[in-house]
Amino acid sequence: MSNDSRKVLRGDVLDFTADPGFNAPGESPGVRFRPDHLVLIEGERIAAVQPASEALSPDWQIAEQLDHRGRLIMPGFIDTHVHCPQLDVIASYGTELLDWLNTYTFPAERRYVDDGVADEGAERFLEALWAHGTTSAVIFATVHKTSAEALFRRGSEARMRLITGKVLMDRHAPDGLRDDVAQAERDCVDLIQRWHGKDRQSYAVTVRFAPTSTPEQLVMAGQLVQHHPGAYMQTHVAENRDEVRWVAELFPTARSYLDVYDRDGLIGPRAVLAHGIWLDDNDRAVLRDHGAQIAHSPSSNLFLGSGLFDWRLAEQSGVNVSLASDVGGGTSLSMLRNMADAYKIQAMQGVRLSAWKALHAATAGAAQHLGLHDEIGRVEPGLMADLAIWDTAVGPVALHRDGLARDLHERVFAWITLGDERNLAATVVAGQPRFVRP
Ligand SMILES: [Zn+2]
């Protein structure tokens with residue numbers, strides 16, 4: 011490989027080799043901090059990580075050198091649940107989930123029937139993710155095939171790890187936002203055949219949520235999951251109490267909301283279910299037994315008033331949990347802001363969430379739960395060079411606080427709590443710079 015495909019980043023490398031759990035910060039396993047190290051990138055991948063004090067071999071000395079001394083070099087964040095078209099409705103006032111969908115979200119999503127709107131929306135959305143330090147995401151498009159197509163096309167061009175799919179909904183949605191079982195199946199199969207497994211793109215069978223699919227559509231969705239090994243499944247579950255009651259009315263023979271999905275074969279190791287606030291012990295056992303994951307969406311849960319997710323109970327029950335922004339129900343694409351909200355949600359329940367646990371859930375933990383730990387989530391030779399480079403403090407208050415931190419966790423926790431996308435210096439996707447702070 012020629013030297014112009016080689017880069018060397020210098021900074022403080024932070025990542026995780028195990029789940030820190032709900033342990034005290036000083037007693038957390040898996041925290042790997044490598045101060046003043048070099049990250050050697052060759053093409054799309056990380057070639058080596060070594061102390062800056064160690065001499066570079068001569069052929070690396072002429073590689074592009076990017077000096078980020080004093081900054082954190084981390085794996086790019088993985089946002090496991092976010093809606094591309096909802097950048098149009100982020101920060102919309104005054105409603106809970108079901109009203110919010112009808113008042114804001116559905117009208118916005120209807121515009122994505124247009125190829126141009128879908129393409130511009132996908133471009134704007136992926137650039138926004140990069141500008142927040144997020145390098146991989148599990149994304150809801152809209153019901154329109156072209157909206158998923160646009161995300162795959164843009165994701166493929168950037169060689170970004172992207173998981174998305176056309177939304178399935180054939181009832182309880184306005185005109186222009188409903189599909190039907192047969193057409194939806196054809197669209198999904200076509201998208202799977204053309205994009206799944208290509209250029210870091212993966213297909214997710216995307217059931218919006220149980221109320222917007224007929225029982226027939228759910229059966230079809232389950233068959234798609236079963237017949238396409240490696241395909242993901244994404245949906246929402248048990249977000250809000252009115253929604254849970256509605257699902258019980260619509261599906262009287264299901265044992266629970268989660269069971270609506272489980273009985274049709276939608277729950278497996280590649281299932282990503284947003285929220286999961288109002289689940290019971292049986293549901294948690296089902297998720298655990300299948301190795302499915304909950305995409306905990308803290309800022310959305312607070313903003314829509316949905317409820318307080320009991321993360322520690324989920325963990326004690328053996329359920330995989332990752333972190334998500336759920337924009338536009340969520341109020342920021344910044345995973346830092348979502349971590350700060352996650353901390354407050356746990357604090358309301360008497361539990362302390364360490365910075366280590368929060369960061370792990372948005373990097374190595376999410377990668378593990380998605381079955382992508384050999385590709386993303388850590389700063390390690392052989393993995394893809396998907397990286398974000400951070401200033402731990404920006405602005406007078408954060409700089410003052412940073413200067414008083416007595417240990418690494420204190421400093422990193424203050425960064426998470428006070429920081430956002432303004433702390434981001436640069437984002438690298440597959441070895442290429444996709445965001446550099448002006
Ligand atoms: Zn959502």
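Residues in the sequence shown are numbered from 11 upward in steps of one, following the working numbering.
By construction, the Cβ of each residue, glycine as well, lies at the ideal position given by its N, Cα and C atoms.
{"Asked": "Quick one: Cα of PRO184 to Cα of GLY36, how far?", "Found": "52 Å"}
{"Asked": "Would you list, in sequence order, the uninterrupted alpha helix (DSSP H) runs of no fewer than 4 residues that lie entirely inside the region 224-271?", "Found": "225-237 and 251-260"}
{"Asked": "To the nearest angstrom, how far is it from the Cα of SER332 to the Cα of ASP98?", "Found": "25 Å"}
{"Asked": "Could you check if ALA118 belongs to the surroundings of ligand 1, using beta carbon to heavy atom distance under 7 Å?", "Found": "no"}
{"Asked": "From VAL153 to TYR122, what distance separates their C-alpha atoms?", "Found": "8 Å"}
{"Asked": "Which partner residues does THR144 have in the DSSP bridge list?", "Found": "PHE87"}
{"Asked": "Once the 5 residues before and after MET345 are set aside, which same chain residues still bring their CB inside 6 Å of it?", "Found": "PHE87 and ALA372"}
{"Asked": "So what's THR222 in DSSP terms, helix, strand or just coil?", "Found": "helix"}
{"Asked": "Can you tell me which residues form a DSSP beta bridge with TYR213?", "Found": "THR174"}
{"Asked": "So for PRO117, helix, strand or coil by DSSP?", "Found": "helix"}
{"Asked": "Do the region 12-28 and the region 43-57 meet, that is, are 3 or more Cβ pairs less than 8 Å apart?", "Found": "yes"}
{"Asked": "Since GLU159 is in the alpha helix (DSSP H), which residue starts that stretch and which ends it?", "Found": "155-168"}
{"Asked": "Does ligand 1 have even one heavy atom less than 7 Å from the beta-carbon of HIS246?", "Found": "yes"}
{"Asked": "Applying the criterion that 16 or more other CB atoms from any shown protein chain within 10 Å of the CB defines a buried residue, is MET394 buried or exposed?", "Found": "buried"}
{"Asked": "Which residues end up in the neighbourhood of ligand 1 when you take C-beta atoms closer than 5 Å to any of its heavy atoms?", "Found": "ALA284 and ASP336"}
{"Asked": "For the pair the region 163-171 and the region 188-200, tell me if three or more CB-CB distances fall below 8 Å.", "Found": "no"}
{"Asked": "Can you give the Cα-Cα distance for ASP465 and ALA194, rounded to whole angstroms?", "Found": "Residue 465 lies beyond the range of the chain shown here (11 to 448); nothing can be said about it."}
{"Asked": "Measure the C-alpha to C-alpha separation of ARG42 and TRP366 and round it to an integer number of angstroms.", "Found": "10 Å"}
{"Asked": "Under a three-way DSSP split, which group does SER332 fall into?", "Found": "strand"}
{"Asked": "Please name the residue in ALA58, ALA376, ALA160 and ASP320 whose C-alpha comes closest to that of TYR353.", "Found": "ASP320"}
{"Asked": "Which residue or residues does DSSP assign as beta-bridge partners of ILE51?", "Found": "LYS17 and ILE56"}
{"Asked": "Buried or exposed, going by whether 16 or more other CB atoms sit within 10 Å of the CB of ASN330?", "Found": "buried"}
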